[in-house]
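In the working numbering, the protein residues as written are 1007 to 1216.
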């Protein structure tokens, strides 16, 4: 496995994923689980954020504590399914700015088509977390990260819930400098480009549109 790829094995993440995959799980519960898993992933993916010493005063005395250096983060969901992961991340990093990238997959070519891109003006000063529940062929993730790279952010990390080996291979080849975090690595893609065993269409299950 590429050194820039992290597959989580935390028991809470695996447990919540097992419920997420179940076709009987309601849209309400599905949304809550996506948010919770994103929060747990964010906790791990921010482990190496830089810290600085800051002097404060407790009720007892003055002391030096560790504080996030800069604190300039941005979360960029790939529309529409990526929206389901935003609140979980913001619950840990409420000061983060949120951008949006809109892509859809051409059902015949399986290639991403961009229709919207709105990012924070100061994104060049920020560490960016691009989020999308599924990394299937990798096309949308590759294109989204490519668009963000044009704005020269401080760093980019990509977070997904479930990835296919084909998606990881394509993504790491296109963006070897971007850290990739996955809650699970599945078996393969089927003939329609869906992840097996996967969890179905994440967008439809989040928003109850199917």
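For each residue, glycine too, the CB sits at the ideal point set by N, CA and C.
Just the Cα atoms here: how many angstroms apart are residue 1047 and residue 1023?
If I take the Cα positions, the gap works out to 12 Å.
Identify whether residue 1189 lies in helix, strand or coil by the three-state DSSP scheme.
It is a strand residue.
What residues in its chain sit with their C-beta under 8 Å from that of residue 1010, if we drop five residues either side in the sequence?
Only 1178, 1182, 1183, 1184, 1185, 1186 meet the Cβ criterion.
Give me the residue from 1079, 1146, 1136 with the minimum Cα distance to residue 1112.
Per the Cα distances, 1146.
What did DSSP end up calling residue 1075 once you bin it into helix, strand or coil?
Coil.
Pop quiz: residue 1168 and residue 1201 are said to be a contact at Cβ under 8 Å. What is the actual Cβ separation, rounded to whole angstroms?
Confirmed, about 6 Å.
Tell me whether the beta-carbon of residue 1175 lies closer than 7 Å to the beta-carbon of residue 1195.
No, these two residues do not count as a Cβ contact at 7 Å.
Counting pairs of Cβ atoms below 8 Å between the segment 1079-1097 and the segment 1023-1040, do you hit three or more?
Yes: the two stretches touch, three or more of their Cβ pairs being nearer than 8 Å.
Classify residue 1145 as helix, strand or coil using the three-state DSSP reduction.
Three-state result, residue 1145: helix.
Would you say residue 1122 touches the ligand GTP, meaning its beta carbon is less than 6 Å from a heavy atom?
This structure lacks the ligand GTP, and indeed carries no ligand of any kind.
Pick helix, strand or coil for residue 1106, following the three-state DSSP scheme.
In the structure shown, residue 1106 sits in a strand (DSSP, three-state: E or B).
Residue 1137 and residue 1159 look like a contact to me (Cβ under 8 Å); what is the Cβ gap, rounded to whole Å?
The pair is not a contact, with the Cβ atoms about 15 Å apart (cut-off 8 Å).
For residue 1131, which residues of its own chain have a beta-carbon under 6 Å away from its beta-carbon, when the five flanking residues on both sides are left out?
Cβ within range, chain order: 1078.
Leaving out five residues on either side along the sequence, give the residues of the same chain with a beta carbon under 7 Å from the beta carbon of residue 1008.
Closer than 7 Å at Cβ, skipping near neighbours: 1178.
Just the C-alpha distance for residue 1209 and residue 1070, rounded to the nearest angstrom, thanks.
So the alpha carbons of these two residues sit roughly 45 Å apart.
Alpha carbon to alpha carbon, what distance is there between residue 1060 and residue 1155?
Looking at the two C-alpha atoms, the distance is approximately 32 Å.
Would residue 1102 and residue 1081 qualify as a contact pair, given that the criterion is a beta-carbon distance under 7 Å?
Yes, the Cβ-Cβ distance between residue 1102 and residue 1081 is below 7 Å.
Quick one: residues in its chain with C-beta nearer than 6 Å to the C-beta of residue 1141, no 5 flanking neighbours on either side, listed in chain order?
Answer for residue 1141: 1147, 1166, 1169, 1173, listed in chain order.
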